[in-house]
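>
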Amino acid sequence: MNEDTIRLVTIGRILRRRWRLLAVLAAVGALFGYGTSVLVFPPRYTASAPVLLPGVWEERELLTQVDIATSLTVVDRTANALHWSDVSSSELRHDVSASAGDGNIITISGTADTPERAQQLADGVAQQFVQFAAQVAGSGTDASVAAQTEALRKQVAETNRRISDLAEAADPGQTVESVQSRTALENLRTSLEAAMKKLEEADPSAGKAGMVVMGQAALPTGEAPPTRIQLIAGGALLFFLLAVVGHLVAARMNRRLRTEPAIAAALGSTPLGAVDVPGDWPAHRPKGSGRGARISRLLGADTRWDEPAPQKSGDEAGRRLRYRRVCARLREQLPAPRRLLLVVPDGDEIARRAAGQLLAEAKNDPQLRVVEVSVDRPIVPDRGTENGAVVVLSANSRTAEELAGIAEACAEGRHDIVGVVVAGPVQAGPTRAAADLPDDATLTFAVPRPATGGRA
């Protein structure tokens, strides 16, 4: 299974086992988004007014007009015309924007706290922009420009006169002189067209003058983003994602030991085997009657989510066989009389049931005594007639530091840890008859034969 599949399985497990907690956090996020929309981002409305720029304009020229439309001069004029006492010119500038579109159209937008004020702002800026642009175009017509325009007009008049004279003197025949005359006439007409084009380009009142507001800004019917609905949905999504990420980070930082070798190494001992504990484990929840316990139970946060679902176990005979193998290993390791202390971490229900089953399968050989110790401050009874201690615990329940504390407590009580039994939860399977595995059945371990040089 690749990493992506594992991540999807993990997220699915979070959604399945923590859906109530995630739903509550999403509701809290929605309330947070609503509060933000009321206190930080109140409803705002945007209206737009289009302004047409006749003539041929280059892109950089349109961008210049956009900057002029949002300049401080135009905004100050608009503020003076609107007479809004609750908004300053600097604040009003942040509420005005402009953009250049196709067809030499500049769209001027105004944002305000009501639709009516947004419409007034957009229309006011558009009108002040057109007036200011007209003033700028008119002030650029100085004496030199006027003189140049007058000279071009005289050139056009002189060219028209010469064309008329040549047209009257031209021979309508096909002689060389008549052809040359008509050619000169066409050249003069070309010069006239060029002069007229230059005249139009030099005339400030033609082409790029005469900006027109194409119409009144439409009254906005909806809020400008971010809207209240967007903030509420964003807050719910944000809290939901933070909760999922928090679960993933907590699982990443989980230092509880999962494997038998790691658990045995933390206790400084050897694994004796793994046993199965049947039961309806998904329905099992830790005991608690306080307010925090009730809230955790209500939100579904009182059980571990990062543990895989218990797998189906074999029949009862197979489960008992695992316990008997653990007892057989203890008989092989220890001389008689074999008296052992079963150390179970406090609150580990799976380990407590496994210790009870191990005690029942041992039948006083070895003689076992179950002791539950606190993980926070572990204390093990002093050594009496016991030959050592066996630690029984469930996988993925304790960290290496906690197990080291249990090992130190056993050492202070002068108990040698002779082995570790790891218990795992499983779903109850079918039950086989007692005749399939009699109580006095003898467990036989296969021992490999030594290699010899001869033939068998």
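Using my numbering, read the sequence shown as starting at 1 and increasing by one per residue.
Glycine is no exception: its CB is placed at the ideal position from the N, C-alpha and C atoms.
With distance defined between alpha-carbon atoms, name the residue in Ala233, Ile417 and Thr303 nearest to alanine 26.
It is Ala233 whose Cα lies nearest to the Cα of alanine 26.
> Within 7 angstroms: the Cβ of glycine 33 and any heavy atom of the ligand MN?
Because no ligand of any kind appears in the structure shown, any question about the ligand MN cannot be addressed here.
> Note down the Cα distance separating threonine 221 from glycine 103, rounded to an integer number of angstroms.
Cα to Cα, threonine 221 sits roughly 26 angstroms from glycine 103.
> From which residue to which residue does the alpha helix (DSSP H) around arginine 324 run?
Its alpha helix (DSSP H) spans residues 316–333.
> What is the DSSP secondary structure of tryptophan 19, counted as helix, strand or coil?
Of the three classes helix, strand and coil, the one that applies to tryptophan 19 here is helix, per DSSP.
> So for arginine 297, helix, strand or coil by DSSP?
Three-state DSSP puts arginine 297 in a helix.
> How far does the alpha helix (DSSP H) with valine 244 in it extend, from its first residue to its last?
Unbroken alpha helix (DSSP H) run through valine 244: 228–252.
> Tell me the rounded alpha-carbon separation between asparagine 396 and glycine 419.
Roughly 18 angstroms separates the two Cα atoms.
> In this structure, how does DSSP classify glutamate 372 when only helix, strand and coil are distinguished?
In the structure shown, glutamate 372 sits in a strand (DSSP, three-state: E or B).
> Do three or more CB pairs link the region 20–38 to the region 230–247 at distances below 8 angstroms?
Yes, since at least three Cβ pairs between the region 20–38 and the region 230–247 fall closer than 8 angstroms, the two stretches touch.
> Considering Cα atoms alone, identify which of Glu186, Ala122 and Val422 is closest to valine 74.
Considering only alpha carbons, the answer is Ala122.
> Among Asp165, Gln357 and Thr399, whose alpha-carbon lies nearest the alpha-carbon of isoleucine 263?
The candidate whose alpha carbon is nearest that of isoleucine 263 is Thr399.
> Who are valine 344's beta bridge partners in DSSP?
Beta-bridge pairing links valine 344 to Glu372.
> I need the straight-line Cα distance from glutamine 155 to threonine 190, nearest angstrom please.
Cα-Cα distance, rounded: 13 angstroms.
> Could you check whether valine 373 and valine 343 sit closer than 8 angstroms to each other, using their CB atoms as the reference points?
It is a contact, given that the beta carbons lie within the stated cut-off.
> Report the residue from Ala118, Val390 and Gly124 whose alpha carbon sits nearest the alpha carbon of valine 51.
The shortest Cα separation from valine 51 among Ala118, Val390 and Gly124 belongs to Gly124.
> Could you check the C-alpha separation between leucine 188 and serine 178 for me, to the nearest Å?
So the two alpha carbons sit approximately 15 angstroms from each other.
> Look up lysine 312 in the DSSP assignment and say whether it is helix, strand or coil.
Strand.
> How do the region 12–22 and the region 86–103 stand: do at least 3 beta-carbon pairs fall below 8 angstroms, yes or no?
These segments do not touch.
> Within the continuous beta strand (DSSP E) that includes proline 261, where are the two ends?
Not the beta strand (DSSP E): proline 261 falls in the alpha helix (DSSP H), residues 260–267.
> Could you give the DSSP three-state label for alanine 122: helix, strand or coil?
Reduced to three states, the DSSP call for alanine 122 is helix.
> In whole angstroms, what is the alpha-carbon distance linking alanine 351 and aspartate 276?
The alpha-carbon atoms of alanine 351 and aspartate 276 are separated by roughly 10 angstroms.
> Within 10 angstroms of the Cβ of glutamine 128, are there 16 or more other Cβ atoms? Answer buried if so, exposed if not.
Under this definition glutamine 128 is a buried residue.
> For alanine 409 and isoleucine 379, which I take to be in contact (beta-carbon distance under 8 angstroms), what is that distance rounded to the nearest angstrom?
Right, their Cβ atoms sit about 6 angstroms apart.
> Helix, strand or coil: how does DSSP classify alanine 218 here?
Coil at alanine 218, not helix or strand.
> Is the region 265–272 in contact with the region 50–65, if contact means three or more CB pairs nearer than 8 angstroms?
They do not touch, by the three-pair rule.
> Have a look at arginine 329 and glutamine 311 and give me their C-alpha separation to the nearest angstrom.
Rounded to the nearest angstrom, the two C-alpha atoms are 26 angstroms apart.
> Could you tell me the boundaries of the alpha helix (DSSP H) in which alanine 362 lies?
It spans 349–362 - the alpha helix (DSSP H) in which alanine 362 sits, taken as one unbroken run.
> Could you tell me which uninterrupted alpha helix (DSSP H) segments, each at least 4 residues in length, are contained entirely in the region 39–113, listed from first to last along the chain?
Those alpha helix (DSSP H) runs which fall completely within the region 39–113 and span 4+ residues are 59–69, 72–82 and 89–94.
> Within this structure, are the beta carbons of glutamine 357 and arginine 339 separated by less than 8 angstroms?
No; because the gap between Cβ atoms is not below 8 angstroms, this pair is not in contact.
> Where does serine 205 fall in DSSP's three states?
Note that serine 205 scores 48 on pLDDT, short of 50, meaning its location in the model is unreliable; the coordinates nonetheless yield the value given after this. Looking at serine 205 - three-state DSSP - the assignment turns out to be coil, as it is neither helix nor strand.
> Name the residue from Glu316, Leu82, Leu241 and Trp305 whose alpha carbon lies nearest to the alpha carbon of valine 9.
That would be Trp305, whose Cα lies nearest to the Cα of valine 9.
> Going by beta carbon distance, what residues of the same chain come within less than 6 angstroms of arginine 228, once the five residues before and after it are set aside?
The residues are Ser37.
> Enumerate in chain order the residues of its own chain whose CB-to-CB distance from leucine 359 is below 8 angstroms, with the five nearest sequence positions on each side excluded.
Correct list, in chain order: Leu342, Leu368 and Val370.
> If you follow the beta strand (DSSP E) that isoleucine 417 is part of, which residue opens it and which one closes it?
417–426 is the span of the beta strand (DSSP E), which, as asked, contains isoleucine 417.
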